[in-house]
Ligand code: TXA
Ligand code: MG
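Quick look at the structure:
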């Protein structure tokens with residue numbers, strides 16, 4: 025099912041198939057955003073509730089016609105243009121009023137849609153040739169760890185994809201490793217709903233306005249408190265000394281410390297592989313040292329805290 029053949033991937037998408045696509049953040053599980061049956065199959069393959077909206081991936085801002093409401097407020101359209109010029113292709117998803125090409129199946133009936141132009145050459149070529157949009161969530165089972173290689177996608181979704189209709193397009197390991205920043209441009213001031221490679225301070229500088237950060241109430245489902253969870257227990261601590269105390273308290277258990285706080289770019293790129301490895305190695309617990317809350321550190325802290333809540337055995341995991 026893993027392929028590097030762009031013609032095959034395009035053919036599968038045109039015929040209503042699902043194609044896992046490489047992006048600079050994580051792999052997405054894509055369908056032609058204008059084929060409702062194909063979009064419904066994404067939810068079935070992921071085991072994801074139908075009311076959790078999907079991001080539409082586009083080839084560029086010039087391809088955004090019809091995806092954004094043309095009668096949207098000029099101020100919002102101005103923000104889109106400024107952020108697109110500064111950040112696309114790249115790890116930024118913008119929530120905007122939806123245009124006529126957006127299906128209810130993609131947004132769960134919401135009046136807004138998330139759009140982004142991913143920075144991966146294979147996927148950009150695919151989008152250009154499709155001349156449309158690709159609806160794609162991360163290519164993992166719902167609530168679990170996002171995939172950053174084609175092999176991760178296969179191990180999560182092999183039993184849920186059809187080898188005759190679907191495919192996994194192998195574009196190598198994802199260089200950023202955590203999901204895009206999501207900024208809601210339909211509220212004033214704009215609000216970051218999920219932290220990622222571009223932080224609220226970057227967006228505020230580009231737009232020359234105040235931007236609300238990712239803390240507080242939110243409408244993105246990635247903000248479910250339990251998410252990104254491996255099967256083993258994840259314990260977060262503030263520093264190496266606290267990690268040593270945690271390890272010492274777990275005599276007889278298989279425990280590993282995850283401390284990549286000296287290099288946050290590598291920490292992000294390797295995060296989901298690190299979480300998967302903890303399960304592959306049959307650990308009882310992974311003790312993760314939180315990086316400082318700045319730049320990429322915001323995204324890393326968010327994912328690690330959610331992984332820790334999602335993995336806690338003393339409470340049910342609402343993300344399943
Ligand atoms: O980096 C990424 O964003 C990756 C790659 C594949 O592009 N995609 C990704 O998609 O992480 P997903 O579905 O796993 O996470 C998207 C989040 C979900 O929490 C979803 O609920 C939220 O974005 N979202 C999408 N459209 C939305 C909308 N119209 N309103 C509110 N939240 C939205
Ligand atoms: Mg996801």
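In the numbering used here, the protein residues as written are 25 to 344.
Ideal placement from N, C-alpha and C gives every residue a C-beta, glycine not left out.
These figures come from a predicted structure and were not determined experimentally.
Under 8 angstroms between C-beta atoms of residue i and residue j
i	j	result
residue 55	residue 191	no
residue 221	residue 320	yes
residue 49	residue 203	yes
residue 210	residue 100	yes
residue 270	residue 311	yes
residue 23	residue 103	Since the first and last residues shown for the chain are 25 and 344, residue 23 lies out of range.
residue 80	residue 139	yes
residue 57	residue 193	no
residue 331	residue 238	no
residue 313	residue 279	no
residue 51	residue 207	no
residue 205	residue 131	no
For residue i, the three-state DSSP class (helix, strand or coil)
i	result
residue 285	coil
residue 307	coil
residue 229	helix
residue 124	coil
residue 322	helix
residue 184	helix
residue 193	strand
residue 236	strand
residue 66	helix
residue 92	strand
residue 200	coil
residue 243	Any reading at residue 243 must be qualified, since the residue scores a pLDDT of 48, below 50, and its modelled position is unreliable; the value itself is stated next. Correct three-state label for residue 243: coil.
residue 99	helix
residue 274	coil
residue 169	coil
residue 279	strand
residue 58	coil
residue 296	helix
residue 177	helix
residue 316	coil
residue 212	coil
Residues that residue i bridges to, as DSSP identifies them
i	result
residue 52	45, 162
residue 328	BP columns for residue 328 are empty, so no partner.
residue 218	206
residue 117	206
residue 79	138, 160
residue 26	192
residue 257	309
Closest Cα partner of residue i within the set the options
i	options	result
residue 219	201, 233, 211	201
residue 174	166, 162, 167	162
residue 182	43, 34, 327	43
residue 345	127, 284, 303, 301	The shown model of the chain, from 25 to 344, leaves out residue 345, and the question about it has no answer.
residue 45	196, 313, 264	196
residue 144	113, 87, 286	113
residue 293	280, 198, 215	198
residue 263	289, 282, 212	282
residue 95	120, 230, 115	120
residue 375	224, 212, 154, 258	Residue 375 lies beyond the range of the chain shown here (25 to 344); nothing can be said about it.
residue 67	107, 185, 266, 142	185
residue 109	238, 85, 317	85
residue 72	224, 111, 133, 166	166
residue 317	333, 232, 223	223
residue 69	303, 187, 288, 107	187
residue 142	274, 87, 300	87
residue 322	225, 299, 180, 231	225
residue 298	37, 172, 148	172
residue 180	333, 53, 326	53
residue 134	97, 105, 74, 107	74
Residue burial classification, residue i (beta-carbon count within 10 angstroms, cutoff 16)
i	result
residue 39	exposed
residue 170	buried
residue 155	exposed
residue 93	buried
residue 47	buried
residue 290	exposed
residue 215	buried
residue 327	buried
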